[in-house]
Amino acid sequence: MKKLTILTALFLSGNVFAQFATTDENANFGQKQVVTLEKTTTFNLSGEALKVGDYMPSMQLVTSDLKAFDTSDEAQKVKIYSVLTSVDTPVCVQQAIDLSKFVEEHKAELKGIEFLAISADTPFAQQRFQKENNLKGITYLSDSSKHQFGMKTGSQIEELGLLTRSIIVTDKNNKVVYTQRVPELTTIPDLESAVKVAQANQ
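Numbering (mature numbering (1 follows the signal peptide of the UniProt record, and there is no 0)), first residue to last: -18 to -1, 1 to 184.
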């Protein structure tokens, strides 16, 4: 019953018309770290903490159109991972729409950057989410099967089986050059700061 109450609060936090704040606050990933919901509920993170200077571990994920995706594959592009908690939360709707709009409006400047959105939702839920919100220019990745991304980056929310809201930038060699893990789930990571780091590593 407690888990159901927590999930209800997470999914109904605010409303679809709310404007959730972007924050520059940052916290570590991994075990012994926590994330809050509306400052009142605390969740524990699990998995190995990803840090700047690490190489992105190899993780076998699935795109929303059911294609295999390995995070360690060489693409010769800088990558920005926008990590969503769940596509059924209004905060994630805003985070995803903001990202899609930003990419569409700055195509020329962002040619050497690959944008990836990842959540623990199924690929089918992600397909629905993209269609409903007319999201373009972003590859959606599902961590719903084995939670490899959550466990190998330390972004797994232990009590919910979801990912903690964050943003990760890797260079052309898949080396992590920037991370921001927001300590409060109703806030959104600073995309523009992440893009500046990505551009500097092109």
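C-beta: ideal position from N, C-alpha, C; glycine also.
Less than 8 Å between the CB atoms is what I'm expecting for residue i and residue j, so what's the real figure, rounded?
i: alanine 99; j: tyrosine 122; result: 5 Å
i: valine 60; j: lysine 154; result: 6 Å
i: valine 151; j: valine 179; result: 5 Å
i: proline 39; j: serine 28; result: Between serine 28 and proline 39 the Cβ distance is about 15 Å, and since that is not below 8 Å, they are no contact.
i: phenylalanine 131; j: methionine 41; result: 5 Å
For residue i, list the residues DSSP reports as bridge partners.
i: glutamine 120; result: Checking the sequence shown, residue 120 turns out to be isoleucine, not glutamine. Paired residues: none, contrary to the question.
i: proline 165; result: Paired residue(s): none; proline 165 is not in a bridge.
i: valine 44; result: Ala50, Ser124
i: alanine 99; result: Ser64, Tyr122
i: asparagine 26; result: Val16
i: isoleucine 139; result: Leu27, Leu144
Cutting at 7 Å between CB atoms, please list the residues of its own chain near residue i, excluding the five before and the five after it.
i: phenylalanine 2; result: Gly(-5), Val73, Gln76, Thr168, Thr169, Ile170
i: threonine -14; result: Note that threonine -14 scores a pLDDT of 45, beneath 50, so its modelled location is shaky; the value from the coordinates is reported in the next line. If we look at threonine -14 and ignore the five residues flanking it on each side, it has no Cβ neighbours.
Using the Cα positions of residue i and residue j, report the straight-line distance between them to the nearest angstrom.
i: valine 44; j: phenylalanine 106; result: 11 Å
i: arginine 163; j: tyrosine 37; result: 17 Å
i: serine 148; j: leucine 66; result: 7 Å
i: isoleucine 62; j: serine 126; result: 20 Å
i: leucine 160; j: glutamine 184; result: The question names leucine, but residue 160 is tyrosine in the sequence shown. Approximately 13 Å between the Cα atoms of the pair.
i: lysine 113; j: leucine 144; result: 22 Å
i: histidine 129; j: threonine 4; result: 26 Å
i: phenylalanine 84; j: valine 17; result: 27 Å
i: alanine 50; j: alanine 9; result: 30 Å
With respect to 8 Å, is the separation between the Cβ of residue i and the closest non-hydrogen atom of the ligand MG below this value?
i: leucine 92; result: The ligand MG is absent from the structure shown, which contains no ligands of any kind.
Within the same chain, show all residues whose beta-carbon is closer than 8 Å to that of residue i, passing over the 5 residues directly before and after it, in chain order.
i: serine 64; result: Gln77, Ala78, Leu81, Phe97, Leu98, Ala99, Ile100, Ile120, Ile149, Pro171, Leu173
Are the beta-carbon atoms belonging to residue i and residue j less than 9 Å from one another?
i: serine 19; j: glutamate 166; result: Per the sequence shown, residue 19 should be read as leucine rather than serine. Taking 9 Å as the Cβ cut-off, leucine 19 and glutamate 166 qualify as a contacting pair.
i: lysine 134; j: glutamate 30; result: yes
i: glutamine 181; j: glutamate 91; result: yes
Among residues of its own chain, excluding the 5 on either side of residue i, which ones have a beta-carbon nearer than 6 Å to its beta-carbon?
i: isoleucine 139; result: Phe25, Thr146
Consider the Cβ of residue i: report whether some Cβ of chain D lies at a distance smaller than 9 Å.
i: threonine 5; result: No chain D appears in the structure shown, which is made up of a single protein chain.
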